[in-house]
Structure formats: C-alpha cells, structure tokens
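What follows is one structure encoded as structure tokens, with my remarks underneath.
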Amino acid sequence: MNLLKDKTLFHQCVSEFLGLGIVIFFGVSCLAASVLAGMNFSLWEICIVWGVAFALGIYLSAGVSGAHLNPAVTIALWRFANFDKNKVLPYIAAQTAGAFAGAGLAFLIYHNLFDVYEMANGITRGSEASLGLASLFSTYPHADISIFQAAIVEFVITAILMLLIMALTDDGNGLPRGPLAPLLIGLLVAVIGAATAPLTGFAMNPARDFGPKVFTAMSGWGEIAFTGGHAIPYFIIPIAAPILGACAGAALYSCKPAEKADDDPVSENERVDTA
Numbered sequence: 020m021n022l023l024k025d026k027t028l029f030h031q032c033v034s035e036f037l038g039l040g041i042v043i044f045f046g047v048s049c050l051a052a053s054v055l056a057g058m059n060f061s062l063w064e065i066c067i068v069w070g071v072a073f074a075l076g077i078y079l080s081a082g083v084s085g086a087h088l089n090p091a092v093t094i095a096l097w098r099f100a101n102f103d104k105n106k107v108l109p110y111i112a113a114q115t116a117g118a119f120a121g122a123g124l125a126f127l128i129y130h131n132l133f134d135v136y137e138m139a140n141g142i143t144r145g146s147e148a149s150l151g152l153a154s155l156f157s158t159y160p161h162a163d164i165s166i167f168q169a170a171i172v173e174f175v176i177t178a179i180l181m182l183l184i185m186a187l188t189d190d191g192n193g194l195p196r197g198p199l200a201p202l203l204i205g206l207l208v209a210v211i212g213a214a215t216a217p218l219t220g221f222a223m224n225p226a227r228d229f230g231p232k233v234f235t236a237m238s239g240w241g242e243i244a245f246t247g248g249h250a251i252p253y254f255i256i257p258i259a260a261p262i263l264g265a266c267a268g269a270a271l272y273s274c275k276p277a278e279k280a281d282d283d284p285v286s287e288n289e290r291v292d293t294a
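Using the numbering used here, the first residue of the sequence shown is number 20, and each one after it goes up by one.
Printed below as a string of structure tokens:
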C-alpha cells in the first residue's frame, strides 16, 4: 500500500492531511525562527517561505487528492467545478487535522524557545500580551482595522486566489503550465501575502487558520486564541470570508468565455483542481 499513489477516499484524505500539514509546519516554523530565534526575516522572506511551502504541499498531494489543501477551494470546486460532494466533508476534516498537526510539530521543535521568550518578556500565555505569539500559528487582524474590514480583505484576496488558481490550472486558458502550476500558485500566495499580510495575516484558508487556533487554545492560550481579544469570536472571519471569496472567484472564472472551439471543449473535470 502506498499512501501517495492509491486514490481511495482514505488515501486522498491522507494526502490532504500531509500536504497542508507540511505547509503549516514550514510556515509556522519560519515565523517562530524569525521571532523566537531572532532571525528577523523580512515580510517578503516570510511570504516566500509560505509560498514555497504551498508549492511543495501541492507537489506532494496533487497526484492523489488534487491538492486542494484548503476548505474554501474544496467548497468552491464542489459548487462550480463538479467536485464530488461526498468528498467535501472528509477533505475538510483532513485539511483541518493536517493544519493542527503541522502547528503541533512546529511547536514541538520550538517549545523551549517559546518558554524562554515568554519568561524574558514577562508574557503569561493566554493573556492579551500573548496574542503576538499566538499569531505565529494563526491569523489575527491589525489593531487599526475593524472586524468588517478584515472580512472584506479575506474575501477579496481569497477570491483573487481562487480566480487565479483556476486560470493557472486550466490548460485551455493559454499555454499549458503543467508541472509549473504549483510553483506559480506558490508565487501567487507569496505575492498576496506580501501585499496584505500586515492587515489580516492572509489566512485565505479556513483549515490553515482554525486547525492551529485549536492547537493554541489547547496549548495554554485558551479562549483568546479564538477571540483574538475581540468582543466577538474572530475565528469566524477566516472561516466564512475565505469560503465566500473562493466561491466568488470560482463563479467569476466560470463566467469567462470559453477559449476553445466547440468541437474541442475543456470540461470542468479536466482542470487540475490544485490549490
């Protein structure tokens, strides 16, 4: 049995778990190195790590599961690209579990540095002062923007992400990208991050955000991991806004005029549903 070759639903879920798990492991570890180990990476360096991590996750899982790696992408493909509805919830569960595990693995290898940093800076885990460390795992909005503005940001950037994913993986849309598609999608993630990370942390992915939030809540941050110090639970925003945004992006791409002749159509199922 080969977990990365067989294409049963179980193996597809394992593929989604592993794909997003390594993304979160690399992304969170990069942020931990920057803050806890004093590497002080620039915004672009951090975004490139996230982008390359996504590209690697896609390469790992595309052949088995299609490399959705994102519940918003899975839902959008179900609604607009004929993805099997019976796979939606299992995919989402696997993605969320993978993100949780990736966050846990990153915390495991940086555990001592978290303790040292908290002691050196007088930070009590679970207090508002500890939100900065919680944000190494998941996303929270900039202090100077409202919850509504954060929702708009996440909606817009996820719509752009989904629109361009569909364009980059549609061989009927210009030159075939083939094996370059994951790298281009990774670059897209990095560019979006560089442009908008200071606003919301560019979640664009309910599993990427919620899985690590559950982990941090269980690891001492408690309720503040979900609320972000706001009166309403902020965790709802990186779930709802990306799902709506991805559906909007997929709907917009679906309205694009076909570029192939009627005798050589490109069906929705021929797209590599890579995200």
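Ideal Cβ placement from N, Cα and C applies to all residues, glycine included.
Three or more Cβ pairs drawn from the region 229-240 and the region 117-128 lie within less than 8 angstroms of each other, which places the two stretches in contact.
Residue environment analysis places Ala91 among the buried positions, since at least 16 neighbouring C-beta atoms fall within 10 angstroms of its C-beta. With 16 or more other Cβ atoms from the protein chains shown falling within 10 Å of its own Cβ, Met181 counts as buried. No residue range can be given for Asn89, since it is assigned to no alpha helix (DSSP H) and is classified by DSSP as neither H nor E.
Judged by pairs of C-beta atoms under 8 angstroms, the region 255-264 does not touch the region 145-155, as fewer than three such pairs exist. The alpha helix (DSSP H) runs lying completely inside the region 56-85 and spanning 4 residues or more are 62-84, given in chain order. For Met185, the enclosing alpha helix (DSSP H) has its first and last residue at 166-187.
Straight through space, the alpha carbons of Phe99 and Ala213 are spaced by roughly 29 angstroms. For His30, the secondary structure class from DSSP, reduced to helix, strand or coil, is helix. In the three-state reduction of the DSSP assignment, Glu242 falls in the coil class, being assigned neither a helical nor a strand state.
A Cβ-Cβ distance of about 16 angstroms is found for the pair Phe221 and Phe254, leaving them out of contact under the 8 angstroms criterion.
Put simply, of Tyr110, Pro198, Thr219, Phe119 the residue whose alpha carbon is nearest the alpha carbon of Ala260 is Thr219. Beyond the five residues adjoining it in sequence on each side, Asp25 comes within less than 8 angstroms, by CB distance, of Val83 in the same chain, given in chain order. Gly268 has its alpha-carbon roughly 28 angstroms from the corresponding atom of Ala122.
The C-beta distance from Arg144 to Gly239 rounds to 4 angstroms, short enough to meet the 8 angstroms contact threshold. In the three-state DSSP reduction, Asn105 falls in the helix class (H, G or I). DSSP places Arg196 outside any alpha helix (DSSP H), giving it a letter other than H or E. If you draw a straight line from the Cα of Ala116 to the Cα of Ile171, it is about 27 angstroms long.
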